[in-house]
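Which chain is which? The protein sequence lines are Z and A, in order.
Be aware that the first sequence starts at 55, since it is given in this note's numbering, and climbs by one per residue.
Be aware that the second sequence starts at 55, since it is given in this note's numbering, and climbs by one per residue.
Glycine included, C-beta positions come from ideal geometry on N, C-alpha and C.
Protein chains: 2
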Amino acid sequence: MNKKFTVGQLATATGTKPVTIRYYEKVGVLPSASRDESGYRRYSVAERDRLLFIRRSRALGFSLDDIRELLELADQTEDSCAAVDAKVQVQLSEIRRRIEDLRAMENELKRLSACCNGGVIEECRIIESLSGRSTTVK
Amino acid sequence: MNKKFTVGQLATATGTKPVTIRYYEKVGVLPSASRDESGYRRYSVAERDRLLFIRRSRALGFSLDDIRELLELADQTEDSCAAVDAKVQVQLSEIRRRIEDLRAMENELKRLSACCNGGVIEECRIIESLSGRSTTVK
DNA sequence: CTTTGACCTTATAGTTACTATAAGCTTTAT
DNA sequence: ATAAAGCTTATAGTAACTATAAGGTCAAAG
Numbered sequence: 055m056n057k058k059f060t061v062g063q064l065a066t067a068t069g070t071k072p073v074t075i076r077y078y079e080k081v082g083v084l085p086s087a088s089r090d091e092s093g094y095r096r097y098s099v100a101e102r103d104r105l106l107f108i109r110r111s112r113a114l115g116f117s118l119d120d121i122r123e124l125l126e127l128a129d130q131t132e133d134s135c136a137a138v139d140a141k142v143q144v145q146l147s148e149i150r151r152r153i154e155d156l157r158a159m160e161n162e163l164k165r166l167s168a169c170c171n172g173g174v175i176e177e178c179r180i181i182e183s184l185s186g187r188s189t190t191v192k
Numbered sequence: 055m056n057k058k059f060t061v062g063q064l065a066t067a068t069g070t071k072p073v074t075i076r077y078y079e080k081v082g083v084l085p086s087a088s089r090d091e092s093g094y095r096r097y098s099v100a101e102r103d104r105l106l107f108i109r110r111s112r113a114l115g116f117s118l119d120d121i122r123e124l125l126e127l128a129d130q131t132e133d134s135c136a137a138v139d140a141k142v143q144v145q146l147s148e149i150r151r152r153i154e155d156l157r158a159m160e161n162e163l164k165r166l167s168a169c170c171n172g173g174v175i176e177e178c179r180i181i182e183s184l185s186g187r188s189t190t191v192k
């Protein structure tokens, strides 16, 4: 009873879709799964945990490339934890940057919405504002 | 002197890359550009403004599909401005949702980083936390 | 006047992280 | 026994571009 899960079971156990699990295997963040007599994938608890790690990291904004690196780091058990923390820090500042960007967008859109006087489009300042030269374009 | 810009000039004028401009034409958010004798694209000021509208809307988080709709709405000059504002509102709440998500991630990562005691990975709580069953996985 | 370099053209493939679809085999339930 | 559910593979599609190749055009410099 080492290999407990089929893809479908692993999927439900981790909130992933079977296709996605196979995709993870294909791109190498999950190792090639072992197969039962009829060629079905079979997963152990350790493999489930690895997948949970992946899903959780993805939910925190790490890319699959990031995750591949994190997993490698995790395997080097004598290495310093600092390398892992460094990645967390990078991710953290990346997320903060994104929050700032979104806040700026939010303010712009609020401003835009305030321009709507409920008339016809000809007099609508939103469209005008959106094409306006006044603000910087990325 | 109606058609002032080549792709490259339009690109610099709008902070877009020539390839992207051609891409916009291909997917239909920009109309097919007229050509000069040698087949080069030529753009008018009106076309530049349309592109500015697109870039600005993109920078505010609208998808190209959204933008296509906005442009259609803008052409219906007698229609109510309310439809446009509605799209702005949808976008606004979408952006607020994303900000909330990112804030949650930020907090998680801050918590994670606090777990790093500078030792070796074997004792590092970050990796452990990332695979932990305690928190909900998307 | 020619040549070099910058700029234009098209078409195709790659990117990220999946999702959708098709065609077919296996297992489970009725 | 048969049908539904679940597994297999492979391929294509998604968003919004970016990169690359292979070639035509044009302005300036030698």
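- A Cβ-Cβ contact shorter than 8 Å links A128(A) with I175(Z).
- For the pair L163(Z) and E160(A), the CB atoms are not nearer than the 8 Å cut-off.
- Take S86(Z), set aside five residues on each side of it, and the residues of its chain with a beta-carbon closer than 8 Å to its own are E79, in chain order.
- For S167(A), the neighbours in chain Z by C-beta distance under 9 Å run, in chain order, D139, V142, Q143 and L146.
- One finds nothing in chain Z with a Cβ atom closer than 7 Å to the Cβ of E123(A); even the nearest lies about 12 Å away.
- Within the segment 78-89 of chain Z, not one residue has a Cβ closer than 7 Å to any Cβ of chain A.
- The alpha-carbon of L105(A) is positioned some 21 Å away from that of A137(A).
- At least one C-beta of chain Z is nearer than 8 Å to the C-beta of E162(A).
- Contact of I153(Z) with chain A by beta-carbon distance below 8 Å involves I153, L156, R157 and E160.
- With a threshold of 16 other beta carbon atoms within 10 Å, S111(Z) meets it and is buried.
- Under the three-state reduction of DSSP output, F59(A) falls in the strand class.
- For I181(Z), the nearest CB of chain A lies under 8 Å from its own CB, placing it at the interface with that chain.
- In the DSSP annotation of this structure, the continuous segment of the beta strand (DSSP E) that includes S98(Z) starts and ends at R95 to S98.
- Along the segment 90-123 of chain Z, the positions whose C-beta sits under 8 Å from a C-beta of chain A are D103, R104, L106, F107, R109, R110, S111, R112, A113, L114 and G115, read in chain order.
- Interface annotation, R150(Z): in contact with chain A, CB-CB separation under 8 Å.
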